[in-house]
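S.K.: Here's a structure for you.
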Amino acid sequence: MDLYVTNNGKRQISIEVCYNSGTITNNAVEMLQDEWRNEFQISNLQLHSDPVKGDRIRILEPYAIEDKDDQTFVISTNMVDGYFHMNLSGTSEKAILYGICEILDQTYILNQDVRIPQLNLTSSPDIKKRGVERHWGPSMTSPEGLQENLNLIKLLARKRVNHLMWIDNWINLSWYPFLELRYFPALQKRDEQGKIRLAKECLRTIINEAKNWGMDFYLSCTEFNIPEDLLQRCPEMFYQNPQTGLRMLRLDSEDTWLFYKAKIKEVMEDFPSLSGIELWTGEAMEIYQCYRSASDTRSIGELFLAMYDQALDAMDEVGRSDGRVICSSFTHHPDCEKIYEDILGKLPERCDSRSKMQVEDFYRFHSPATLPGRLSPGKEWVEFDLGGEYRGDWAGWITCALAFIPDRMRYYYNKGVSGFMCRIRGYAMGPNPAFVGDYAVLKGLQSIKYDIYFQTLWDMNISLADVWRICKRRAFPDQMLEFFQLSEKVAEQALYTNESIVNNFHSSFIGSIERYEWQLNYVDHMYNTAGMERKWILEPSEENLSLIIDEKEQAIHNVLRMSEILEHCKQELVEEDYTALRKCLDYQIQVVKVFKVHTEMFFRYRQLMMTKREDRYKLLLDCMRRCEEEVAGLRLHDEVQAKHAYALISDIKWRLSCDMQKYYHELAYHGVCKVAE
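Each residue of the sequence shown is one higher than the one before, starting from 3 at the first, in our numbering.
Set out below in structure tokens:
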């Protein structure tokens, strides 16, 4: 028999804290009370420090457990004097927090009463380092964004997150709102209006709040990005390329390293609770792009090691030898992962590597990255973009990769990876999507795709059915699970071709033949072994085109099935939820229909260019007509997407109106496919 939290709607159970608890435990108990009160409408919750009669949850003092880490909790349920006692303890206050999360996860309603199973378990996380990265709002430099950050931290603690890697804004702004640059006098600022002091106070409050929930906080990112006035004030730090006129920081300049270390020293000194920093590479001035003399023969990997050593030295110089560095392995270098081959296993002791999976891994068209498990064994992070830039999230689709996310997590777990982090950065559902904050996404209609990530971090063997039972949105009937499972298939079938990328990044439409050709290069990418296995799509035979069209037709079938499920569940759903899903799905159905004929139109054009036959010309014209009709339907939902989709029609019309012979071998010239002799 399960425990009654309420009986006939009245509170049945009390909470007893049996020791002089600290901040983390107090926060956890308050979270338990808040969620029961707000989510389950339990009133008159009683909190005691002395023994009381009746059913109760007893929070016992943490104690060491042999062979268990500081995240292990123990829950036992027994009868005492005719009452249930659920005893919770663990190896630390963090463990107590995670045990309370377990109690909340298992709370459910049956016959209008709130209940908990008789829990008897000892639980430790499979993934010890569970993180979230964010770099787009809410602001960490203003009082207006402060409370939103604190609310987000509490929500992530509820998800058992224990690492945060945050930055106030993207790339070049990075740390500068927090810096006076007192360790680099040439750029030192006068904070006459107190903006920097205020920013520091806000960030300090955020970091301390994370600590109060058992989280390590890392500030991301610094590397060789530069403020606008550095070139004017310190031109000697730069080398100007005589051919291109571009300026690069000089690695042989002492001031370059003084400037680099000045940023790290200031944040590590001014934020004593900061666990460390992330060194970002890619999408900013990377170290291999800086100028070095001809006598500097170090490999790119060795340059990275020098960069990491300088960061650690900066921490040591201000008495922060406890600080750690997370080293991003994302790079825009043409050799990709190869540049790390000569430093595998050589990262300094206080450095962890992070593989950025937003581009390299999350999408099925690409093979898993090879660095995790090799670059810094036992000290590695793998990042997942749970929305997916290429999976429809940026376009406002309903899209949940409920099969792929845990599959890839288990793949890296089996390679010994002990740390995962995700980016939540999400967009509102439906046409003309706008960016929304992390809190709104985690509380939103598609929250299940984040919960599958968070729950799998703790238990790599957890089933999707169990995640749905624990985490499904209030009033969602069980059939909605199939709805979200189908959304994964719809995205893959509409946007890809046999798990190879064909259509545009960010789930928008490609507007020109050249861009489509460039996109096909991803199939033939040197690291894309999965794509190499699907190179047949580079040969647009009628048979292959039929396979492509059939896959898009299946996407339409599945998105229409989603619509049927939504209508079947309408009466059980909250009206606001149904309305939002209905509007989004109507839009998505039309987008998927356009993707089908839009992709076909490109391949019809390729066929015509390979063999200029009259029947292929007629097939292309018919496809263009059908595409115009579907784009007209899309225009009723989203003018911007419709405009992008129509651009390819215009491009092909222009080409067909010109001298066909001029463009006959164009695709062969671009190296996309071979034209038969």
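Cβ coordinates follow ideal geometry from the N, Cα and C atoms, glycine included.
1) Reducing DSSP to helix, strand and coil, say where Ile198 ends up.
2) To the nearest angstrom, report how far apart Arg322 and Met270 are at their CA atoms.
3) Counting only the same chain and skipping the five closest in sequence on each side, list residues whose C-beta sits under 6 Å from that of His137.
4) Below 9 Å between beta carbons: does that hold for Cys571 and Phe478?
5) Exposed or buried, what is Gly101 when buried is set at 16 or more other beta-carbons lying within 10 Å of its beta-carbon?
6) Does DSSP classify Asp254 as helix, strand or coil?
7) What are the boundary residues of the beta strand (DSSP E) that Leu281 is part of?
8) Beta-carbon separation of Asn89 and Thr79 under 9 Å?
9) Considering Cα atoms alone, identify which of Phe486, Leu459, Leu650 is closest to Ile450.
10) Would Glu566 count as contacting chain B if we go by Cβ distances under 9 Å?
11) Do His600 and Ala647 have their C-beta atoms closer together than 9 Å?
12) Ignoring anything shorter than 3 residues or poking outside the segment 271-319, list the beta strand (DSSP E) runs there in chain order.
13) Are there 16 or more other CB atoms within 10 angstroms of the CB of Met3, so buried, or fewer, so exposed?
14) Could you tell me which whole alpha helix (DSSP H) segments of length 4 or greater appear in the segment 54-137?
15) With the cut-off set at 9 Å, would you say Thr258 and Met239 are in Cβ contact?
16) Please check the pair Val327 and Tyr310, which I expect to be a contact at CB under 8 Å, by giving their CB distance rounded to whole angstroms.
17) Which of the three DSSP states, helix, strand or coil, is assigned to Thr613?
18) Just reading off the alpha helix (DSSP H) that Thr27 is part of, what are its end residues?
19) So which of Arg117, Tyr21, Asp107 has the shortest CA-CA distance to Asn9?
20) I'd like to check one pair, Asp52 with Gln14: are the Cβ atoms closer than 9 Å?
21) Alpha carbons only, please: which of Ile472, Gln573, Tyr392 is nearest the one belonging to Tyr524?
22) Should the segment 249-258 be called in touch with the segment 211-225, which here means at least 3 C-beta pairs below 8 Å?
23) Let's see if you can read the secondary structure: which residues bound the alpha helix (DSSP H) around His570?
24) Check whether the Cβ of Leu610 lies closer than 8 Å to any heavy atom of the ligand FAD, and answer yes or no.
25) Assuming Ala532 and Ser369 make a contact with CB atoms under 8 Å, what is their CB distance in whole Å?
26) Rounding to the nearest angstrom, what Cα-Cα distance links Leu221 and Phe180 in this structure?
27) Take the Cβ of Thr408 as the centre, count every other Cβ of all protein chains shown within 10 Å, and call the residue buried at 16 or more, exposed below.
28) Name, in chain order, the residues that DSSP records as bridge partners for Trp168.
29) So for Trp383, helix, strand or coil by DSSP?
30) Can you tell me which of Arg199, Arg206, Lys191, Lys197 puts its alpha carbon nearest to the alpha carbon of Leu232?
31) Does the Cβ of Pro336 have 16 or more other Cβ atoms within 10 Å, making it buried, or fewer, making it exposed?
32) Evaluate Met81 with the Cβ neighbour count: other Cβ atoms within 10 Å of its Cβ, from every protein chain shown; 16 or more gives buried, anything less gives exposed.
33) Around the Cβ of Asp363, are there at least 16 other Cβ atoms within 10 angstroms (buried) or fewer (exposed)?
34) Buried or exposed, going by whether 16 or more other CB atoms sit within 10 Å of the CB of Thr499?
35) Alpha carbon to alpha carbon, what distance is there between Val504 and Asn122?
36) Suppose you measure from the CA of Glu631 to the CA of Ala430; what does that come to, to the nearest Å?
M.R.: The structure says:
1) Looking at Ile198 - three-state DSSP - the assignment turns out to be helix.
2) Computed Cα separation, rounded: 7 Å.
3) Within the same chain, His137 has close Cβ partners Ile169, Trp172.
4) In contact: Cys571 and Phe478 (Cβ atoms closer than 9 Å).
5) The C-beta of Gly101 has 16 or more other C-beta atoms within 10 Å across all chains shown, which makes the residue buried.
6) Correct three-state label for Asp254: coil.
7) Run containing Leu281: 278-281, per the beta strand (DSSP E) assignment.
8) Going by C-beta atoms, Asn89 is nearer than 9 Å to Thr79.
9) Per the Cα distances, Phe486.
10) No chain B is part of this structure, which consists of one protein chain only.
11) Yes.
12) Whole beta strand (DSSP E) segments, 3+ residues: 278-281.
13) Exposure of Met3 is indicated by the presence of fewer than 16 other C-beta atoms within 10 angstroms of its C-beta.
14) If only uninterrupted alpha helix (DSSP H) runs of at least 4 residues are considered, those enclosed by the segment 54-137 are 95-108.
15) Here Thr258 is near Met239, since their CB atoms are less than 9 Å apart.
16) Contact between Val327 and Tyr310 holds, since their C-beta atoms are separated by about 6 Å, short of 8 Å.
17) In the structure shown, Thr613 sits in coil (DSSP, three-state: anything other than H, G, I, E or B).
18) Thr27 -> alpha helix (DSSP H) spans 25-42.
19) Just measuring C-alpha positions, the residue of Arg117, Tyr21, Asp107 sitting nearest Asn9 is Arg117.
20) It is not a contact, given that the beta carbons lie outside the stated cut-off.
21) Out of Ile472, Gln573, Tyr392, the CA that lies nearest to the CA of Tyr524 is found in Tyr392.
22) Under the three-pair Cβ rule at 8 Å, the segment 249-258 does not count as touching the segment 211-225.
23) That run of the alpha helix (DSSP H) goes 544-570.
24) This structure simply doesn't include the ligand FAD, nor any ligand for that matter.
25) The Cβ separation is near 5 Å, so the contact holds.
26) So the two alpha carbons sit approximately 11 Å from each other.
27) Here residue 408 turns out to be Pro, not Thr, going by the sequence shown. Buried, because 16 or more other Cβ atoms sit within 10 Å of the Cβ of Pro408.
28) Answer is Arg136, Leu221.
29) Correct three-state label for Trp383: strand.
30) Residue Lys191 is the option with its Cα nearest to Leu232.
31) So Pro336 ends up on the exposed side.
32) Exposure of Met81 is indicated by the presence of fewer than 16 other C-beta atoms within 10 angstroms of its C-beta.
33) The predicted position of Asp363 is uncertain, since its pLDDT is 48 and thus under 50; a value taken from the coordinates is nonetheless stated next. When all chains shown are included, Asp363 counts as buried.
34) Buried, because 16 or more other Cβ atoms sit within 10 Å of the Cβ of Thr499.
35) Cα to Cα, the separation comes out at about 50 Å.
36) Each residue's alpha carbon lies about 27 Å from the other.
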